[in-house]
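This report refers to the structure that appears directly beneath it.
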Amino acid sequence: MSVNRRHRHAWILALVGIGLLLSGGAFSAIRWKLLADEDTGVPNCAALVADLPNSATGAWGIRDPEPRRVTDSTTTCELAFTTADERFSGSVSVFILGSSDPDRLRREVSSGFCYGSARPVDDAEKYLAVRHCVELVGEVALAGVFAARDHRFVHMVATVRGGSADRVELTRIASEIARTVADRGLSLPRNGQP
Numbered sequence: 156m157s158v159n160r161r162h163r164h165a166w167i168l169a170l171v172g173i174g175l176l177l178s179g180g181a182f183s184a185i186r187w188k189l190l191a192d193e194d195t196g197v198p199n200c201a202a203l204v205a206d207l208p209n210s211a212t213g214a215w216g217i218r219d220p221e222p223r224r225v226t227d228s229t230t231t232c233e234l235a236f237t238t239a240d241e242r243f244s245g246s247v248s249v250f251i252l253g254s255s256d257p258d259r260l261r262r263e264v265s266s267g268f269c270y271g272s273a274r275p276v277d278d279a280e281k282y283l284a285v286r287h288c289v290e291l292v293g294e295v296a297l298a299g300v301f302a303a304r305d306h307r308f309v310h311m312v313a314t315v316r317g318g319s320a321d322r323v324e325l326t327r328i329a330s331e332i333a334r335t336v337a338d339r340g341l342s343l344p345r346n347g348q349p
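According to this note's numbering, the residues represented by the sequence shown are 156 to 349, in order.
Right, dumping it as structure tokens:
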């Protein structure tokens, strides 16, 4: 095969890949726009980041600045954090959906893919539905939370790194961060305003 032909094939594959990524993002945005209830507002990521130092000490910021906010009833972004002692850092993928249909909220909690093994939730009674999973991949812990309460569904995935931490401590920190961000996503008023 000639060099030009290889380059042409590489370009075609790259363009097809980019097209698939863009169409997948558009499909996801359209799906959540159709699923969201316009009358059930949720906090945006700026409000979430402003509130988090009150409940999860450390530095918080928005890594992916909310270009995917489809309606006032959905929030999607990625947060970055470093713990106050600077031993752990990582990111939290955030998805918040507002809906007045409790059956739909329960379905959202039960239908999502949960990384790793399921973990018990001590205070499960405070939720309409909740699932929590943790997986350790090398030196990185992934903790996922699906939860619903008070006309909201949240899905949070915390990805946490801690160079000198043992496996138990790393998964504990990832779980705490995912649960804290999920609880704030369920509790904060619409756009952080009362």
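A virtual CB, placed ideally from N, CA and C, is assigned to each residue, including glycine.
When C-alpha distances from Thr-238 are compared across Arg-339, Ile-251, Trp-215, the shortest belongs to Trp-215. Pairwise C-beta distances place the stretch 196-205 in contact with the stretch 336-347, as three or more of them are shorter than 8 Å. Comparing alpha carbon positions, the residue from Ala-284, Thr-314, Ser-265 closest to Ser-244 is Thr-314. The beta carbon of Pro-208 sits closer than 7 Å to those of Trp-215, all from its chain and outside the five residues before and after it, given in chain order. In this structure, the alpha-carbon of Asp-256 lies about 14 Å from that of Gly-196. In the assembly as shown, Ser-248 is a buried residue. Its beta-carbon has 16 or more other beta-carbons within 10 Å. Distance from Leu-234 to Ile-251 at the Cβ level is roughly 12 Å; contact not present, criterion being Cβ atoms closer than 8 Å. For Pro-275, the number of other beta carbons within 10 angstroms of its own is below 16, and it is reported as exposed. In chain order, Ala-302, Arg-304 place their CB closer than 6 Å to the CB of Tyr-282, counting only its own chain and leaving out the 5 sequence neighbours on each side.
For Gly-196, there is no enclosing alpha helix (DSSP H), as DSSP marks it with neither H nor E. Within the same chain, Ala-284 come within 6 Å of Arg-261 by CB-CB distance, once the 5 residues on both sides are set aside. Within 10 angstroms of the beta-carbon of Thr-212 lie fewer than 16 other beta-carbons, which makes it exposed.
If you compare the alpha carbons of Arg-316, Arg-339, Thr-326, Gly-293 with that of Arg-242, the shortest gap goes to Arg-316. For Gly-216, the enclosing beta strand (DSSP E) starts and ends at 213-219.
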